[in-house]
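Chemist:
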Amino acid sequence: MAGTMKAPESGVKIRMYRQGHGDCYLLAFAGKKNGRKDSIYVLIDCGLKPGSEVHKQKINTIVDDIAEATGGHIHVVAITHEHQDHVNGFGKKIRGKHIFDKLTFDHCWLPWTEDETDETANALREKFRDTLITLAFAQEKVNALMGAKAEGLQERIADLLGSEIGDEGVAPAFLQEGASLVSAFTEAKQANPNLGAAAIAELAIKGVSNKKAMAYVRKKAKAGVTFLSPEDDPQPIPHADGIKAYTLGPPRDEALLLDLDPQGNEEFHLAPSGRNFALGEAGRAFAMAAAPAMRDHGDAHTFASQYRIGADEVLDADPPLPATDLPQTDEEQREVDAVTYLRSAYGRRDRDNNAPEDWRRIDDDWLSVSEGLALRLNNEVNNTSLVLAFELPNTGKVLLFTGDAQRGNWLGWADLKWDKDNGSTVTTRELLSRCVLYKVGHHGSHNATLNGTDRDDHANIGWMARGAFAEDFVAMIPANTEWAMGKRKPWRHPLPEIEAALHKKARGRVFRTDRDKIEKPDQELMSEGEWRAFKRRIKETRLYFDFTIEDR
Amino acid sequence: MSNSVSFQPPRRLRVFSFDPTTGNRHTNRAIRDIVVSVPWELDPDVGLGPDGEYLQIVDYDPSSECFYAPLDLDAPEVRYTDGLVPSAENPKFHQQMIYAVCMETIAVFEEVLGRRVLWSPRHVEKTEKQTKKGQETTKERTFVRKLRIYPHALREANAYYDPEKKALLFGYFTADETSRSAAPDTTLFTCLSHDIIVHETVHAILDGMHPRFIENSNPDMLALHEAFADIVAIFQHFSHSEVLQDQIARTRGDLEKQSLLGALAQEFGQALGYSGALRDALGEYVDGEWRAREPDNQILRRLEGPHARGAVLVAAVFRAFLNIYKSRVADLFRIASGGSGILREGQIDPDLVKRLADEAAKSARHTLRICIRAMDYVPPVDVDFGDFLRALITSDHDLYPEDEFGYRMALIEAFSAWGIYAENTPIITEQALLWNDLSNAVAANPNPGSLEGFGTNFAQLVANADEIFPMLENSDLLGDNKRRSLARYLQELKEDIGLQLSASSDPDIAQEAVRRGKKPKSHKRFSMSEADLVNRNLLGNEFEYDRHVTHLARIFYAQMFWGIIHLQNDPAMHHMMGITLERSAPHSIERSAITDLPKVQVHSVRMASRIGKRGLKENEYVVEIIQSRMGFFDKELQAHVDANRKQQKDKRWAQLYGEREFGADFHYRCGSTLLIDTRSFTIRRIIPTRCRADQDEGLDRLRNYLSANGRHARNAFDDPSAGGAGTQAIADLHRSVARESF
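Those protein sequences? They're chains U and Z, same order as listed.
So for the first sequence, the working numbering puts the first residue at 750; every next one is plus one.
So for the second sequence, the working numbering puts the first residue at 17; every next one is plus one.
1) Less than 8 Å between CB atoms is the rule here; does U:Thr-1051 satisfy it with respect to chain Z?
2) Go ahead and pull the three-state DSSP assignment for U:Pro-757.
3) Which bits of chain U does Z:Thr-410 rub up against, with CB to CB less than 9 Å?
4) Say whether chain U places a C-beta atom closer than 8 Å to the C-beta of Z:His-567.
5) Just grab the DSSP bridge partners of Z:Gln-72 for me.
6) Beta-carbon of Z:Gln-575 versus every beta-carbon of chain A: anything under 8 Å?
7) Ordered along the chain, which non-local residues of its own chain (more than five positions away) have a Cβ less than 7 Å from that of Z:Met-225?
8) Taking a contact to mean a Cβ-Cβ separation below 8 Å, would you say Z:Thr-698 touches Z:Leu-338 in this structure?
9) Could you tell me which chain Z residues have their CB closer than 9 Å to the CB of U:Ile-1111, listed as they occur along the chain?
10) By the DSSP assignment, the beta strand (DSSP E) with U:Ala-995 in it spans what residues?
11) Taking the alpha-carbon positions, what's the Z:Lys-633 to Z:Ser-625 distance?
12) Would you decide whether Z:Val-550 is buried or exposed? Buried here means 16 or more other CB atoms lie within 10 Å of its CB.
13) Between Z:Gly-647 and chain U, is there a C-beta pair that is closer than 8 Å?
14) Thinking C-alpha only, which one of U:Arg-767, U:His-832 and U:Lys-842 is nearest U:Lys-805?
15) Which value, in whole angstroms, describes the spacing of the CA atoms of Z:Gly-321 and Z:Leu-238?
16) In this structure, does DSSP put Z:Phe-32 in helix, strand or coil?
17) Which residues, in chain order, does the stretch 1174–1200 of chain U contribute to contact with chain Z at a C-beta distance below 9 Å?
18) In the DSSP assignment, what are the bridge partners of Z:Ala-308?
19) Could you give the first and the last residue of the continuous alpha helix (DSSP H) run that contains U:Cys-795?
20) Would you call U:Gln-1082 buried or exposed, if buried means 16 or more other Cβ atoms sit within 10 Å of its Cβ?
21) Could you have a look at Z:His-619 and say whether DSSP puts it in helix, strand or coil?
22) So Z:Gly-278 and Z:Gly-299 are in contact, right, with Cβ under 8 Å, and what is the actual spacing, rounded?
23) So if DSSP puts U:Gly-1059 in a beta bridge, which residue, or which two residues, is it bridged to?
24) Under 7 Å between beta-carbons, which chain U residues line up against Z:Ala-85? List them in chain order, please.
25) Under three-state DSSP, which class holds Z:Asn-106?
26) With Z:Gln-643 and Z:Gly-469 assumed to form a contact (beta carbons below 8 Å), what rounded beta-carbon distance in angstroms separates them?
27) Cα-Cα, which of Z:Tyr-96, Z:Arg-701 and Z:Val-128 is closest to Z:Asn-452?
28) What in chain Z is Cβ-close to U:Asn-892, meaning under 9 Å?
29) Suppose you measure from the CA of Z:Ile-315 to the CA of Z:Gly-435; what does that come to, to the nearest Å?
30) Using the Cα positions of Z:Ile-443 and Z:Met-425, report the straight-line distance between them to the nearest angstrom.
31) Could you please tell me which residues of the stretch 797–826 of chain U, in chain order, have their CB closer than 9 Å to any CB of chain Z?
32) What is the rounded straight-line gap between the Cα of U:Lys-876 and the Cα of Z:Thr-267?
33) Does the beta carbon of U:Phe-1035 sit closer than 8 Å to a beta carbon anywhere in chain Z?
34) Please state the DSSP three-state secondary structure of Z:His-241.
35) Spatial neighbours of U:Val-825 within its chain, please: C-beta separation below 7 Å, excluding the five flanking residues on both sides.
36) Is it the case that the Cβ atoms of U:Arg-1139 and U:Leu-1148 are separated by a distance below 8 Å?
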């Protein structure tokens, strides 16, 4: 077939798709099947943020190309984590059918955090679940309360919720990303009046598009699902002799997973609680107010009724005071005084009546914590990214795919080591020193690529490509800057600092989704001959970049 | 103070010293609550709310869709019983506690600085007139009488000062299974922490003194805001000697073990994030035993972020406090031990405990005063820890020329132990750390005549401000138009002051004031006719006037001072003051609409009044002068703007940012604080920023700092360099607390 993507004689060809702000990588390893040379395909992620398309290319064009390149069969599909821009390709349907239906998969690789038999993973998912539902309810409140004036916050929540929830080909309307989850929750509650909120949440979350995409891939993998953990031995790739996939993350250490800064020597342990509002201390009180539907037991008031004055009584009561008659008792008089004071100090809800201190109101300030919750959820889900280091057998070259691993995930790598067949061990430091291809995490953002030097104790780009491998280093950044910077609250992707550091290390050989060509670096960075040799190893098209790494 | 009110005893109000829901250690039971005294005359007319002269508590809980009933401080069950009984379940007690602790903080600042606390004014856009180009708007600094306080505004483990709303917002949250401080499902209130209330109040007070300090202009600036707020919180808490007694008794009289007071400071701040983080450098538990952290003079080289760096400043000041305290009690130890200095084993005498606690409280009060006073001795913008050290030393030196009790030695020792040095001050001695006085500054070579003229004019200003008008009008600084608009502006200011002054005594004028949209004050402090107002020195006797008058007077005198600066056309003198008025200065320094020269803002002219040596009152005028320059990350663009090359500038801008509206990436600010003697009207101290606006070195430094900020981005999306000032700065500061290991 003309469109087949062939692995090199020895080594691997990497195809970086240029769909937009998101990840989709197809790897063709040189392997053997039925005694004959064959290309063995590994697909890592498939998705993008709606609207971020490069050259207006549709994701189905990409999937068509994958089908053509692989002949319709992929040996391993690895999903790094449950975010829209990594999975919505798998969820996308046209005329009710998944666009991936035309392909077949053997194996599905997932991070251990997707394993339902793992207690920590379950606790983590419980936390993500309740945070997500809280945010979906909070979005309703934010939209209702803030109107047009807090567009920055509204857009931020919309973006982040969108990433967590995903889509199946048609993106939910702007600012309505959480609506489907809210209605799923409400419906499940009506249908199951006797279930507790935690069980309802479990039902509702299944309908989330990202979850459905994951389920689709898991079901489709004929040879089953493998959950990968940094404790495991390197994973072989069937039919690709000698290739080893080392799992660096997600970390098993819960403090790293949640990117907590441990204080002193205290310990932290995640355990599934089976109860509602499993958001942790930071979000619990907020969730109780933002998502009252998640309450199991009626109203939970902060203070006793004798102290409370309903907001309506102050903000929009009409006539002006609660009683038209003169107050009879001291108690009544006190209440009238209280309401009178609060009205004069805070003002009424309708803002046309020239309340002198209108600018000091705080009706919506409490909701801004939802931004923090959403950012934290985003960060924590990123941190569950499956991080894979593929090692080529002959030269020992390593390809590093980090998903969107954040700082906590990176910090977990340093202490890992694996036994080799010959009795010696491989450490992360040694492994990364042979890294010649780095798929940059989270679009090159802050904290998703740790900068540093060889001397640092934590893994960072200074650990990569050392010694004889130093000359070979190449980076791939999945980013669409024009789209990201065009947001009302722009996303700094990639962070110029990180891009500059990579540019320096790779001596200009950095692929970027949104750039049609890699510009020829300055003479002092790279000789003419070296540049020509590099050009021979790459192919730059509108749809993808191909890059070959020989293993000889 | 007030000349009208008959004597009233102070309001005594109970507050939690330890919040029982978080600090319910059995050993602390004896000091769970303390009584705070609020001087009656500070807030005589406080009403239901509490709603008084400085504060207005509005207990709205929007997330719960309800308000909580306001507290009446004059209700019999409050007024005659030291206030409501401390209780987490009663929101009125929460209001009482916030009121009491806030007011105590305000009282301390007023006493130490000798003037009224003013909140930072609100900037209101005012439409001036319709011109061909469109509406011309100016920003007016309007008076904000009351800090608004919302005790239950948020549902998070956070509390913050909102500089736009001039409000403190406190949150509450629910402990869960992983909570360190409380049982699961306990509700924890940030407004029940004494230290958090003080911390937030200090942010507001400091913003009133130095509104530019919330700009992230160097690695220390926000750290200083945070650390200063926490230093005041710790030492205000410690100045209640009863909270110290238990801990001191536990030291069993070992002088060296007195550093255990650091553990107490940590406990006071432990409950909640940021406050705890700022105290991390004091010490830690090792194998169940608390140990003071050994100072590390290299640590600031590697620490980043306001909380980690702030913690070092807190630790340095705390170390100085311990040194002061230890030297104050050394004699007690000698007396009690019969000269050996080592007490016998076992419990120590309760009388001795009390004496030691009193000395510790006294040391805390002195440390607090020194720190607060120093805030008049810092540059008006862009301050770092070294500047603060110099401010501490200079302000104390100017008040007490002889370091009789070794306070300054203690400070210098502690700061250098933690690696806090003043930049370009190689020798760490008291003399070297003092800010320049005029004799040093004259080396910069201003014309002695202009300095003299400056002093005369300033004297004139204070004696009779009106006579500055004709001088300004006759100078060739202004065109006719400009002259008229300046005169009109000053005239309006004068009328406002007169109105406010008179409104306090005459009901008719008060009505007039209301008609003109200026809210008069109900409280009668003072009566005076409009005519003689400018003949008085309104700065010197602030306590006699309404705070609105003070606000207007400070602006009025600042405007006049602005004129005085311009009257002396001596570049060398301007340079000495950290500014430039030269036409050739880079055009990225904004130009004044009145003079077409580089714009200068006299931020405020205020009086600092202290009781100094021999119990005499020491007065100084504190004048802050600020100049701003537009900064750009792109150096080419910067060069075009500096040289006023309009076409190239527009072209480069379009290249970089396309359609986006032109605007600076950041603002580089500099200037100086002048301390002026009230008797001789000569400049006593000049406290400049490191560079002047026209010196590229400072601009480059800020640019480098901001562009290297990528590492400190608060999340994975926002542009890190865009941060800095703004409404959310402090809220976010408190939200994202990264803890460092020391």
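Glycine residues also receive a C-beta, built at the ideal position from the N, C-alpha and C atoms.
Modeler: The answer reads as follows:
1) yes
2) coil
3) Within chain U, no residue comes near Z:Thr-410; the closest Cβ sits about 37 Å away, beyond 9 Å.
4) no
5) Z:Asp-67 and Z:Arg-164
6) In the displayed structure, chain A is absent; the protein chains listed are U and Z.
7) Met-391
8) no
9) Val-74, Tyr-76, Pro-78, Arg-164, Tyr-166, Ala-169, Leu-170, Asp-178, Lys-181, Ala-183 and Leu-185
10) The residue you asked about is not Ala; residue 995 of chain U is Tyr in the sequence shown. 989–998 is the span of the beta strand (DSSP E), which, as asked, contains U:Tyr-995.
11) 7 Å
12) Low local confidence applies: a pLDDT of 48 at Z:Val-550 is under 50, so the model's placement there is unreliable, with the coordinate-based value given in what follows. The residue in question, Z:Val-550, is buried, as its Cβ has 16 or more Cβ neighbours within 10 Å.
13) no
14) U:Arg-767
15) 8 Å
16) strand
17) His-1191, His-1192, Ser-1194, His-1195, Asn-1196, Ala-1197 and Asn-1200
18) Z:Gly-299
19) Taken as a continuous stretch (DSSP letters only), U:Cys-795 belongs to no alpha helix (DSSP H), as it is neither H nor E.
20) exposed
21) strand
22) 5 Å
23) Z:Cys-82
24) Tyr-1056, Ile-1058 and Ala-1087
25) coil
26) Contact flag wrong, Cβ pair sits at about 21 Å.
27) Z:Arg-701
28) Chain Z residues near U:Asn-892: none, gap ~16 Å exceeds 9 Å.
29) 7 Å
30) 14 Å
31) none
32) 44 Å
33) yes
34) helix
35) Val-791, Asp-855, His-856, Trp-858 and Ile-986
36) Reading off the sequence, residue 1139 of chain U comes out as Phe, not Arg. Cβ atoms of U:Phe-1139 and U:Leu-1148: closer than 8 Å.
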